[in-house]
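Presented below is the structure to which this report refers.
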Amino acid sequence: MSALNCPSCGAGVSPDGSASYVVCDYCGVSISVAEFFKEGSTNTLQYFADAGLSEEETKAIARLSENAMLFIEASDYRKAKQTFEQILTLAPSHLPSRFNLALCELYSGEGSPLERAKASVNLSKVSAKDHQMIPQIFAQKESIAYNIASIGFKQENVFDAINFFQLSLSLVDRHTERDKLIADFFAGILQKCKKTMDNEFASKGKKYSPNRTFLEILQAGAPYCSDLADLGATLLFYARDFPAAINNKIKECLTTLQQIVLQYCRNELTRIQFGILGGIKMTSANNAELTRLTFP
Ligand SMILES: [Zn+2]
Numbered sequence: 135m136s137a138l139n140c141p142s143c144g145a146g147v148s149p150d151g152s153a154s155y156v157v158c159d160y161c162g163v164s165i166s167v168a169e170f171f172k173e174g175s176t177n178t179l180q181y182f183a184d185a186g187l188s189e190e191e192t193k194a195i196a197r198l199s200e201n202a203m204l205f206i207e208a209s210d211y212r213k214a215k216q217t218f219e220q221i222l223t224l225a226p227s228h229l230p231s232r233f234n235l236a237l238c239e240l241y242s243g244e245g246s247p248l249e250r251a252k253a254s255v256n257l258s259k260v261s262a263k264d265h266q267m268i269p270q271i272f273a274q275k276e277s278i279a280y281n282i283a284s285i286g287f288k289q290e291n292v293f294d295a296i297n298f299f300q301l302s303l304s305l306v307d308r309h310t311e312r313d314k315l316i317a318d319f320f321a322g323i324l325q326k327c328k329k330t331m332d333n334e335f336a337s338k339g340k341k342y343s344p345n346r347t348f349l350e351i352l353q354a355g356a357p358y359c360s361d362l363a364d365l366g367a368t369l370l371f372y373a374r375d376f377p378a379a380i381n382n383k384i385k386e387c388l389t390t391l392q393q394i395v396l397q398y399c400r401n402e403l404t405r406i407q408f409g410i411l412g413g414i415k416m417t418s419a420n421n422a423e424l425t426r427l428t429f430p
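Numbering (the numbering used here), first residue to last: 135 to 430.
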């Protein structure tokens, strides 16, 4: 395995050859180590014959492929990219070169991580179905998806993270390790949101009005994490029970939050109640009650 550049910060990363994942020493992003795919000769020759390429063109492609691999060995992803682009000019539907190009784009260190992720995903969107790909080629696609999600996992801002997650999900529906990254990310967000709400209720009681960013985080996170949707439901019950506390600007956002929460929350929900002495009690509520709530 040649040296890689971290898709997030561009630092050189040296996989020891045994692990499928390495962690960047500089930024902590976890990287799926997909081998750049080297052509197996029989398949490739057949492919180019089927594509109607002449022997001369096929030889040219073989030479270009060798060059590209040498550039990758030298971690020169910019030159490798140019070489794969040349191959694709000759053979536009050649999947291995396309995914190799997409990997180079991700590792090249040019542009912001989000720009590189977008370019990489665009290059990887091919008409071939996943099951039609040989495992090594599919592994490249999964690796791109994992690495993009991994950059998202390290984002400070939820909305930035979601941009990466959406790109990753648009490429590969399901991938155990990638899905775990996303779930872990939202588990962290859930803890922060719960803490915010606990603190607000403890200090302000029935006078708490959530701010806009808080609503937006619940709304954006609900599709990825039903606990966040459930928390949104608790907030909606509270807003309906204590409307006087809620800022007018926030009231306008509640119907939208309700629509989104209803798509992702569970059936068993919780409602907050305040005791006479200011104590807080959680009581149970359900999905149907949430459906019936109306907001002005
Ligand atoms: Zn890094």
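Heads up, the beta-carbon is just placed ideally off N, CA and C, and yes, glycines get one too.
From a predicted model like this one, the values you see are computed outputs, not experimental measurements.
Each residue's CA atom was taken as its position, placing A378 and N421 some 24 Å apart.
Rounded to whole angstroms, the separation of the alpha carbons of A251 and L301 is 7 Å. Sixteen is the threshold: since fewer than 16 other Cβ atoms of the shown chains lie within 10 Å of the Cβ of G162, the residue is exposed.
R426 and F376 have their alpha carbons spaced roughly 16 Å apart. By the Cβ neighbour-count rule, K215 is buried, with 16 or more other Cβ atoms within 10 Å of its own. Around the beta carbon of R346, fewer than 16 other beta carbons sit within 10 angstroms, so the residue counts as exposed.
DSSP, reduced to helix, strand and coil, places N291 outside both helices and strands of the structure shown, so it counts as coil. If you look at L362, you'll find it isn't in any beta strand (DSSP E); it sits in the alpha helix (DSSP H) that goes 360–375. For the pair Q397 and T389, the Cα-to-Cα distance works out to about 13 Å. One residue after another in chain order, those with a Cβ under 5 Å from a heavy atom of ligand 1 are C140, S142, C143, A145, C158, Y160, C161, V163. Looking at the DSSP output, E402 bridges to N420. Contact between I278 and S254 holds, since their C-beta atoms are separated by about 6 Å, short of 8 Å. With a threshold of 16 other beta carbon atoms within 10 Å, E276 meets it and is buried. Within the DSSP bridge table, the entry for I410 names no partner. Taking C-beta atoms under 8 Å as the contact rule, Y280 and C238 fail to qualify, at a distance of about 16 Å. Secondary structure remark: continuous alpha helix (DSSP H) runs of at least 4 residues inside the segment 195–275, in chain order: 211–224, 229–241, 247–258. Around the beta-carbon of H309, 16 or more other beta-carbon atoms lie within 10 Å, marking it buried.
The beta carbon of A145 lies closer than 8 Å to those of N139, C158, D159, Y160, C161 in the same chain, with the five residues before and after it left out.
Distance from the Cα of I406 is smallest, within the candidate group K340, E189, E191, for K340. Across the structure, V156 and Q393 are spaced so that their CA atoms are roughly 40 Å apart. The continuous beta strand (DSSP E) containing I165 extends over residues 164–166. Per DSSP, the continuous beta strand (DSSP E) segment holding Y155 begins and ends at 155–157. The segment 344–359 makes contact with the segment 315–327: 3 or more CB pairs, one atom from each, lie closer than 8 Å.
For E311, the uninterrupted alpha helix (DSSP H) segment begins and ends at 310–338.
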